[in-house]
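Quick note: the sequence shown uses this note's numbering, first residue 133, plus one each step.
Note that beta-carbon positions come from the ideal geometry of N, C-alpha and C, so glycine has one too.
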Amino acid sequence: MSLSEDLRLPVGCPGCGSRLMRVSSTRNPDDRVRCASCQRFVCLYHEASKVLKKGPGSESEALIEKAFNRGS
133 MSLSEDLRLP VGCPGCGSRL MRVSSTRNPD DRVRCASCQR FVCLYHEASK
183 VLKKGPGSES EALIEKAFNR GS
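Right, here's the structure in full:
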């Protein structure tokens, strides 16, 4: 069992630009979301959830996120 899971956000990390983020597998609202590349704190999970619900900026981003976040 993994302690963390990856998810892809429509916005990139402010440090390195990567859209791949890591969050605790429990996904509590106050869990920290960190960049999977540079480990920088990006936001809290409840904030990331709002961004995911808002949706991607383009159709191509929507397809990528749908494929990557399928298990979420």
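Taking C-alpha positions only, residue 170 is separated from residue 198 by approximately 23 Å. In chain order, 134, 135, 136, 137 place their CB closer than 7 Å to the CB of residue 157, counting only its own chain and leaving out the 5 sequence neighbours on each side. Rounded to whole angstroms, the gap between the alpha carbons of residue 139 and residue 146 is 16 Å. Looking at the backbone, the Cα of residue 165 and that of residue 178 are separated by about 9 Å. Take the alpha-carbon of residue 195 and the one of residue 202: they are about 11 Å apart.
Taken in chain order, the complete beta strand (DSSP E) segments of 3 residues or longer contained in the region 142–201 are 152–156, 164–167, 173–176. Note on residue 148: under 16 other CB atoms within 10 angstroms of its CB, so exposed under the neighbour-count rule.
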